[in-house]
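The opening position of the sequence shown corresponds to residue -11 in my numbering, with each subsequent residue numbered one higher.
Heads up, the beta-carbon is just placed ideally off N, CA and C, and yes, glycines get one too.
Just so it is clear, the structure is predicted and the values come from calculations on it, not from any experiment.
Data block below; observations after.
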Amino acid sequence: MFKQGFLWVIRFIVGGLFIFSGLIKVNDPVGTAIKLEEYFDVFANDIAGFFIYLKPFALELGIFLVVVEVVLGVMLILGVKSRFTVWALTLMILFFTFLTFYSAYFNKVTDCGCFGDAIKLTPWQSFYKDLILLVLISILLLFQIDLPKTSPKWAKVVTIASIVLSFVIAILAVRNLPFIDFRAYKVGVNIPQNMQPSAQLQYSYVMKKDGELVTYDQYPSDESLEFVEMKLLNPDALPKISDFAVWNEDGDFSEEIFTGNKVLILVNSIVKINKSNLDHIDQLVKSLTGSPVQPVFVAAASQEEIDNFVTARGWDVLTLQADATVVKTIIRANPGILVLKEGEILAKYHHNNTPEAGAILDLFMK
């Protein structure tokens, strides 16, 4: 009886963590795909070149993995096909443990994306988390004979429903935007304010004196001391946004973007841009020209590529460059639309949901 209860607790913990992790990533499959692309780049350089050929399928693989996470968690808790479920979880956690160890030991991917953007873990924290899960799953594997042999019909129905629901949520998130935005650039955020510390940063200074380490609250004036390191005492006060920048040949335009009413057409790759709704964006840009809202085209591309693109579209707009990673962080669409008022994010739109100019203008009236 004790053994059954013990195994049930492990099933609930492991299954719950997989469901939680999977649901967060089902909410943002594009973010998972971006993380997979990072891993494929690293592995292509360090392990085998064939990983580079997986990059074009990162989104499909990402959706498959996150749905499998959710479904296996549900199956484990409900006792559906326990033997298959435990073996599948074993293979998956071995894969994840390898990824997180590789990232931590070689400092390759600084954020594994285990819980998407909702919970940030350091590489070593991610590895220790997977190590604990590996131990728990190994216990289930060792005592799999004591796991449920059969499951009620309703449990199988719930499993099928979890498969369908997870896929539907993932597809909707890809075709629109994440239902819940955990990133620093979510609606309601004032970008310039979040680029500043929330409080004065405080440091301690570790110095070496006569072979011993001494910590000071202020940098000492004694020149005989040897500097060792400076420690930040309140890391929570660091700026939530530290990577935003837009520019063109005339210089930095970040402050300009934070002034007045702006609609940013964001593109993380002109080569890979989705052209299916560009005609709607054409109409939006045309309608906003001359209005109190300034349309701006921001792309992670060369100035020549940007100029050729806007000329081909017939857009008479301010054009700026940006970092591709920053653009992908801001919005999970290529192209995407960001509405700013004095640097505050009023709205974000996937190109599939390109609004009319009237809807944009109404945002500034609220």
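Can you tell me whether residue i is helix, strand or coil according to DSSP?
i, result
"Thr247", "coil"
"Leu221", "coil"
"Trp112", "helix"
"Glu237", "coil"
"Met195", "strand"
"Val284", "strand"
"Thr342", "coil"
"Ile125", "helix"
"Val314", "helix"
"Gln309", "strand"
"Thr20", "helix"
"Leu226", "coil"
"Thr277", "coil"
"Glu293", "helix"
"Asn33", "helix"
"Leu328", "strand"
Sort the options by Cα distance to residue i and report the nearest one.
i, options, result
"Val145", "Ile125, Gly67, Tyr191, Val177", "Gly67"
"Met63", "Leu135, Asn340, Pro111", "Leu135"
"Leu351", "Ala233, Val74, Lys260, Gly176", "Gly176"
"Lys263", "Ser212, Gly324, Leu252", "Gly324"
"Ile1", "Gly61, Glu57, Ala36", "Gly61"
"Ser186", "Ile159, Met218, Asn222", "Asn222"
"Lys308", "Leu349, Glu244, Ile261, Lys274", "What sits at residue 308 in the sequence shown is Leu, not Lys. The candidate whose alpha carbon is nearest that of Leu308 is Glu244."
"Phe94", "Ile319, Leu82, Trp112", "Trp112"
"Lys13", "Asp29, Glu217, Lys96, Glu57", "Glu57"
"Glu217", "Val202, Ala225, Lys(-9), Ser209", "Val202"
"Phe167", "Phe45, Arg320, Leu189, Ile40", "Arg320"
"Leu77", "Thr110, Gly50, Arg(-1)", "Arg(-1)"
"Leu5", "Ala289, Leu213, Tyr173, Ile107", "Ile107"
"Asp270", "His339, Phe232, Tyr191", "His339"
"Val259", "Glu293, Asn265, Val234", "Glu293"
"Thr147", "Gly3, Pro283, Ser242", "Gly3"
"Glu48", "Ile159, Ser242, Val234, Phe215", "Ile159"
"Pro44", "Val55, Ile22, Phe31", "Ile22"
"Tyr90", "Glu26, Val55, Leu334", "Glu26"
My guess is that residue i and residue j are in contact by the Cβ rule of under 8 Å, so how many angstroms apart are they, rounded?
i, j, result
"Val393", "Ala287", "The structure shown does not extend to residue 393, since the chain is modelled only from -11 to 354, so the question has no answer here."
"Ile179", "Gly331", "5 Å"
"Ile261", "Asn322", "6 Å"
"Phe170", "Asp267", "So it is not a contact: roughly 32 Å between Cβ atoms."
Which same chain residues, not among the five before or five after residue i, have their C-beta less than 6 Å away from its C-beta?
i, result
"Phe84", "Asp118"
"Met183", "Pro227, Ile229"
"Tyr204", "Tyr193"
"Val74", "Leu128, Leu129, Gln132"
Once the 5 residues before and after residue i are set aside, which same chain residues still bring their CB inside 8 Å of it?
i, result
"Leu220", "Leu189, Gln190, Tyr191, Leu226"
"Lys(-9)", "Phe131, Asp134"
"Leu213", "Met195, Lys196, Lys197, Val202"
Requested in this report: Inspect the CB distances between the stretch 152 to 171 and the stretch 125 to 141 and report whether three or more fall short of 8 Å.
Outcome: no
Query raised in the report: When the Cβ atoms of the stretch 299 to 315 are set against those of the stretch 269 to 277, are three or more pairs found closer than 8 Å?
Result: yes
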